[in-house]
Structure formats: C-alpha cells, structure tokens
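**Student:** Below you will find the structure I want to go over with you.
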Ligand SMILES: [Zn+2]
C-alpha cells in the first residue's frame with residue numbers, strides 16, 4: 001500500500017510539473033522533413049534524429065561565426081579584406097590592398113621621399129610585383145621595408161654601416177642587425193607598422209609610418225621624455241610615441 005501511495009504522490013508531482021512547463025515558443029519548422037519522424041520503417045527512424053543533430057550543429061556554427069565576425073571587425077590590426085558571403089553581395093570588397101598597380105606604390109614612395117631631406121627611399125622589385133624599399137636615414141640607420149601590394153609586410157632596421165645586401169648580392173630582407181639597439185628599433189618598427197596599418201587608408205598609413213621612422217634620425221642624441229637621460233641600461237631611447245613622436249626608453253614606456 002505504501003508503494004502505491006508513493007507512486008501516486010510521484011505521479012501528482014509529475015502532473016503539476018508538466019502543467020507548469022511553458023510550451024516552446026518557436027517550434028522548429030522542419031517542413032516535409034518532419035514527416036521523417038513518422039516513417040514506421042525502423043531503418044529510417046534514426047535519420048530524423050540525425051537531422052535534428054545536424055540542425056543544432058548548424059545553428060551553433062552560425063552563432064559562433066557571428067561572434068567571430070564581430071570580433072574580427074573590431075580588430076584594427078586586420079590586414080586583409082575578408083567579408084562574409086552575405087555582405088559581399090551588398091558591397092564590393094573595400095580595397096584590394098594586395099593587388100595594386102606598381103605605379104600607385106611608386107608614386108606613394110616618391111611622395112614620401114620628398115617629405116624629408118635626410119631620408120632617402122630606393123624602391124626595387126627583386127621578387128616580382130611586390131616592392132622592397134631601402135631606406136637610408138641620415139648617417140644613423142638603414143632599413144629595408146618589404147611591401148605586399150600597398151601594405152607593409154615586414155621591416156628590418158640595421159646600422160648605417162651594416163651591409164644591405166646578402167652574399168648573393170640581393171637585398172637582405174631578414175637578417176637582423178648585430179647591434180642590440182637596432183634589433184630593438186626593428187621590433188618597435190614592426191609594432192609601429194601594425195599600429196599605423198589601416199587597409200582603407202593605405203596612403204595615410206604609409207606616410208604615418210615613414211614619418212614615425214624618420215624620427216629616429218636623432219636616435220643617439222635624443223633624451224628620454226620621461227627620465228630626461230640619454231642612456232638607460234646602456235641604450236638610447238629606442239621607442240617613439242605614435243602620436244607625438246616623443247623619444248622614450250624601452251623601460252620608461254609604461
Ligand atoms: Zn627614460
């Protein structure tokens with residue numbers, strides 16, 4: 001008898017809970033595929049559940065890709081113009097930064113060349129369409145700026161007296177400087193390149209980058225804006241603020 005009473009009690013509990021449930025607000029409309037669940041043949045039965053799993057999975061993919069898209073579009077270091085298929089229909093790709101006519105890059109570099117008396121830029125194309133710009137800044141440093149289309153891909157900064165060419169007589173794009181100070185300036189130049197990069201305004205970003213690089217003409221004579229010393233840990237101020245171009249030591253940055 002006690003068992004029966006227990007069962008009754010549980011049943012009542014279940015009934016009240018079921019009554020309290022909200023009906024699903026948006027029943028998924030599966031169209032004709034809903035009929036699959038009614039198919040009596042046993043080999044077809046699992047199909048319906050697989051289909052439901054598939055829909056859930058697709059829903060998740062869609063949800064994740066929406067989140068990812070908003071993250072990517074908020075990231076201003078983005079250097080390529082990827083757009084979701086549905087937005088590609090509405091607007092043309094904003095700018096094809098990787099495939100621009102050589103003349104456009106040449107003219108831009110020529111313009112930068114005329115901005116500063118003590119900085120000379122030599123453009124060459126040893127590897128096909130993409131430009132390599134050799135920069136000589138006063139008698140302080142030389143830099144190699146590798147372009148991809150109209151975006152800067154890589155920067156190496158070396159001392160004025162270090163060789164620009166490798167053993168094969170080609171422009172050396174990668175070998176780092178043997179001096180710690182220019183290795184640091186190389187790191188900072190690549191950070192600046194990423195900071196100034198904005199695919200929609202490539203002209204402005206290139207000019208801003210070279211203006212920033214030009215401020216190293218007084219690398220060994222500047223005093224740090226923060227501590228007012230020339231040297232800190234035997235290093236001159238190897239950092240330049242992006243907006244003000246103020247010289248700052250690596251350790252005084254933060
Ligand atoms: Zn300092």
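Numbering (the UniProt record's numbering), first residue to last: 1 to 254. A virtual CB, placed ideally from N, CA and C, is assigned to each residue, including glycine.
1) Please list, in chain order, all residues of the same chain as residue 176 whose beta carbon is under 6 angstroms from its beta carbon, the five residues on each side excluded.
2) Just to confirm the assignment: which complete beta strand (DSSP E) runs, minimum length 3, are found wholly within the segment 128-203?
3) So, residue 217 versus residue 138, is the Cβ gap smaller than 7 angstroms?
4) DSSP has residue 247 in a bridge; who is on the other side?
5) Please name the residue or residues paired with residue 98 in a DSSP beta bridge.
6) With the cut-off set at 7 angstroms, would you say residue 112 and residue 201 are in Cβ contact?
7) With a threshold of 8 angstroms, are at least 3 pairs of Cβ atoms found where one atom belongs to the segment 162-174 and the other to the segment 186-205?
8) Is residue 208 closer than 7 angstroms to residue 240 when the C-beta atoms are compared?
9) Assuming residue 55 contacts residue 37 (C-beta within less than 8 angstroms), just tell me the rounded distance between them.
10) For a quick check, are the C-beta atoms of residue 235 and residue 185 less than 7 angstroms apart?
11) Answer yes or no: the CB of residue 226 versus the heavy atoms of ligand 1, is any distance below 6 angstroms?
12) Just verifying my parser: in three-state terms, what is the DSSP assignment at residue 16?
13) Assuming residue 135 and residue 213 form a contact by the criterion Cβ under 8 angstroms, report the distance between their Cβ atoms to the nearest whole angstrom.
14) Figure out for me which residue from 6, 151, 18, 225 has the closest Cα to the Cα of residue 101.
15) Could you tell me if the beta carbon of residue 232 falls within a distance shorter than 6 angstroms of some heavy atom in ligand 3?
16) Note the first and the last residue of the continuous alpha helix (DSSP H) segment covering residue 60.
17) For the candidate residues 248, 122, 35, whose alpha-carbon lies nearest to that of residue 107?
18) According to DSSP, simplified to helix, strand and coil, what is residue 219?
19) Can you give me the C-alpha to C-alpha distance between residue 128 and residue 105, rounded to a whole angstrom?
20) Buried or exposed: which applies to residue 219, given that a residue is buried once 16 or more other Cβ atoms fall within 10 Å of its Cβ?
21) Can you check whether the CB of residue 230 is closer than 7 angstroms to the CB of residue 249?
22) In chain order, what residues of the same chain lie with their CB nearer than 8 angstroms to the CB of residue 126, ignoring the 5 residues before and after it?
**Tutor:** So, from the listed chains and residues:
1) 183
2) 130-137, 141-148, 151-159
3) yes
4) 240
5) DSSP, once it has assigned bridges, lists no residue as partnering residue 98.
6) no
7) no
8) no
9) Going by Cβ atoms, the distance from residue 55 to residue 37 rounds to 13 angstroms, so no, they are not a contact pair.
10) no
11) yes
12) helix
13) 7 angstroms
14) 151
15) With respect to ligand 3, the structure shown offers nothing to examine, as its ligands consist of ligand 1.
16) 45-74
17) 122
18) coil
19) 14 angstroms
20) buried
21) no
22) 132, 170, 171
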